[in-house]
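To convert, count from 1 in the sequence shown and add 1; that's the working numbering. Here a beta-carbon is modelled for each residue, glycine too, at the ideal position from N, C-alpha and C. Quick caveat, the model's predicted, so the values are computed rather than measured.
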Amino acid sequence: LASADQRLALIAASGGCTRPGCDAPATLTAVHHITEWRDSGPTDIGNEDLACDACHALVHDGPGGWETRVAPADSEHPGRTEWIPPPHIDPEQRPRVNHRHHLGDLLSAALAHYRARRETELREHRQRWMREPVADTGGGEVP
């Protein structure tokens, strides 16, 4: 079993269930061994994270089971728990992380998207403005 200190550290780091899309708060989660204890996975903070009962039941060997692993150092979210869906959900089995309890990640992504869109709009506006001459109305005034 995880110690109280380990659980508090996981609550601080993860905030709730780590399965992508799950919004269960930490108060409704249990400590999950990323490498199962029965497979010699240590009860160590580097091999634990939070999962609610419903999501924890999805992690199992065999067809239809999800896998979990710690994201490698060169990934987009190093150290976070990645959930790998079974082939019937994602044939490519791309690892996923839960962003719901990491509002800073969501805010950063939203701001990056906004800035990229705004920059594109400004670039298009400048191109139109620089290329399109102002139409002369014949009255000597510019509309």
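Between the alpha carbons of Gly16 and Gln128 lies a distance of about 46 Å.
DSSP assignment within the region 36-89 yields the following whole alpha helix (DSSP H) runs of 4 residues or more, N-terminal first: 54-57.
Classified as buried, Glu49 has 16 or more neighbouring CB atoms from the shown chains inside 10 Å of its CB. Of the other Cβ atoms in all chains shown, fewer than 16 fall within 10 Å of the Cβ of Ala111; this residue is therefore exposed. The DSSP-derived three-state label of Thr28 is helix. In the DSSP assignment, His100 forms no beta bridge with any residue. If the five residues before and after Leu11 are omitted, its C-beta is found closer than 8 Å to the C-beta atoms of Ala3, Ala27, Val32, Ile46, Glu49, Asp50 and Leu51, all from its own chain and listed in chain order. If you check the CB distance, Gly22 and His34 do not come in under 7 Å. Between Pro88 and Trp67, the beta carbon gap of about 11 Å keeps them out of contact (Cβ cut-off 8 Å). Beta-bridge partners assigned by DSSP to His33: Asp50.
Annotation: the continuous alpha helix (DSSP H) that includes Arg8 extends over Ala5 to Ser15. Here DSSP, grouped into helix, strand and coil, assigns Thr19 to coil. If you draw a 10 Å sphere on the C-beta of His102, you find 16 or more other C-beta atoms in it, and that means buried. Arg39 has its alpha-carbon roughly 42 Å from the corresponding atom of Ala113. Between Val98 and Ala72 a beta carbon distance of about 7 Å is seen, short of the 8 Å cut, so the two are scored as contacting.
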